[in-house]
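Structure, as structure tokens:
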Amino acid sequence: MFQCGTGVPYFCFENTTRPRKLSPKRHDHDYFEIYVLDEGACSYFVENKLYQVERGGFILTPPHTIHKVKYKEDAYVRRVIWCAPQWLPQELLARLSAPLYIHRNSAALPEIVAIFDQIERETERADEYTDRILMNRMHLLSYTLARAFDRCTTAQEGNPYILRAVRYIQEHYDGVVRLSDVAREVAISPEHLSRLFKKETGFGFSEYLNALRLQKAEEMLRKSPHLRITEVAFACGFNDSNYFCERFKQVYGSSPMQHRCNVGKGQRI
Numbered sequence: 053m054f055q056c057g058t059g060v061p062y063f064c065f066e067n068t069t070r071p072r073k074l075s076p077k078r079h080d081h082d083y084f085e086i087y088v089l090d091e092g093a094c095s096y097f098v099e100n101k102l103y104q105v106e107r108g109g110f111i112l113t114p115p116h117t118i119h120k121v122k123y124k125e126d127a128y129v130r131r132v133i134w135c136a137p138q139w140l141p142q143e144l145l146a147r148l149s150a151p152l153y154i155h156r157n158s159a160a161l162p163e164i165v166a167i168f169d170q171i172e173r174e175t176e177r178a179d180e181y182t183d184r185i186l187m188n189r190m191h192l193l194s195y196t197l198a199r200a201f202d203r204c205t206t207a208q209e210g211n212p213y214i215l216r217a218v219r220y221i222q223e224h225y226d227g228v229v230r231l232s233d234v235a236r237e238v239a240i241s242p243e244h245l246s247r248l249f250k251k252e253t254g255f256g257f258s259e260y261l262n263a264l265r266l267q268k269a270e271e272m273l274r275k276s277p278h279l280r281i282t283e284v285a286f287a288c289g290f291n292d293s294n295y296f297c298e299r300f301k302q303v304y305g306s307s308p309m310q311h312r313c314n315v316g317k318g319q320r321i
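Per our numbering, the very first residue in the sequence shown carries number 53; after that it's consecutive.
Below, the structure written as structure tokens:
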């Protein structure tokens, strides 16, 4: 794994058969994730979409987006770039603010993989010029991805029951959300929905609901500094602010108040 040193925006490149976990309980982060699957197959759940990714598939996940990957085989190879937004051209950040999936048969993919190869070779070299060269390659990759948004096609997005369930949860997370209510909405039994949700997304039903609520709370802490912590908790579906603070600290490593202070100081979260 290659990682830039201190004093530059966060950048990490990894080529491995075993995924690195940021945290055992956190499913979003404040940097881009750029992913290529070189061998194997997986289900990639991102935001409200579920992609069946095969060898050669590519996914870009923007910051603060819930996502999870579930590999279908023990043997797989994937390459990932995690990078702060500063590594991308600032004029493209809005264009790349939504998840992008490019399937293996897309005309855009060979060019993207070629740039990935250049980035990997540069991380292996790692001299005094590497940071600047990586910045150049990341800009080239970003413009190529922006172009791909206009011409790529989207593959099948997974089980329709799960996609409907996810949409329902995203629309009602700020209130009471029960497994039985969601199952009724998508017209299958609660037991079947529970099993299917875990199988397709990699999340348990309650695990996903809590992850979504915490993500919304973290966003509110960043964007609405005038709101009290209790107001944030209740607005995101938590009816106990103490429980909210406890869960938030478990996932983000600091209390909601401290997290808000860290964001104000420009610290990476």
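Ideal placement from N, C-alpha and C gives every residue a C-beta, glycine not left out.
Helix or strand or just coil, what does DSSP make of residue i?
i      : result
Arg147 : coil
Ile111 : strand
Ile281 : helix
Lys268 : helix
Val229 : coil
Ile86  : strand
His79  : coil
Phe255 : coil
Phe296 : helix
Asp183 : helix
Thr205 : Residue placement at Thr205 is poorly supported in this model, since its pLDDT is 48, which falls under 50; the coordinates still yield a value, given next. Thr205 falls in the coil class under three-state DSSP.
Ala198 : helix
Ala239 : coil
Leu74  : Because the pLDDT at Leu74 is just 46, under 50, the model does not fix this residue reliably, and the value given afterwards should be weighed accordingly. It is coil, neither helix nor strand.
Glu172 : helix
Lys301 : helix
Gly289 : coil
Leu140 : coil
Asn211 : coil
If the criterion is Cβ atoms closer than 8 Å, does the pair residue i and residue j meet it?
i      : j      : result
Arg184 : Glu174 : no
Glu106 : Ala93  : yes
Pro115 : Pro137 : yes
Trp139 : Met187 : yes
Gly219 : Asn67  : Checking the sequence shown, residue 219 turns out to be Arg, not Gly. Contact: no.
Arg230 : Asn262 : no
Ala285 : Ser293 : yes
Ile154 : Ile164 : yes
Leu112 : Pro151 : yes
Tyr304 : Glu270 : yes
Leu248 : Tyr213 : yes
Candidates the options: which alpha carbon is nearest residue i's?
i      : options                           : result
Leu148 : Tyr195, Gly109, Gly108 and Glu125 : Tyr195
Glu172 : Leu140, Gln104, Val132 and Asn211 : Val132
Thr253 : Asn294, Leu215 and His116         : Leu215
Lys120 : Phe300, Tyr260, Cys288 and Ser276 : Tyr260
Phe84  : Glu99, Asn67, Thr117 and Asp90    : Thr117
Gln267 : Gly289, Lys251 and Asn67          : Gly289
Thr182 : Ala287, Leu273 and Phe65          : Phe65
His79  : Glu176, Cys56 and Phe97           : Phe97
Val228 : Gly210, Leu144 and Ala287         : Ala287
According to DSSP, residue i sits in a beta bridge with which residue or residues?
i      : result
Tyr153 : Ile111
Val105 : Cys94
Asn67  : Arg131
Val218 : BP columns for Val218 are empty, so no partner.
Lys120 : Phe97
Gln55  : Cys64
> Are there three or more Cβ pairs, one per stretch, closer than 8 Å when the segment 305 to 317 is compared with the segment 267 to 286?
Replying inline: Enough Cβ pairs lie closer than 8 Å, so yes.
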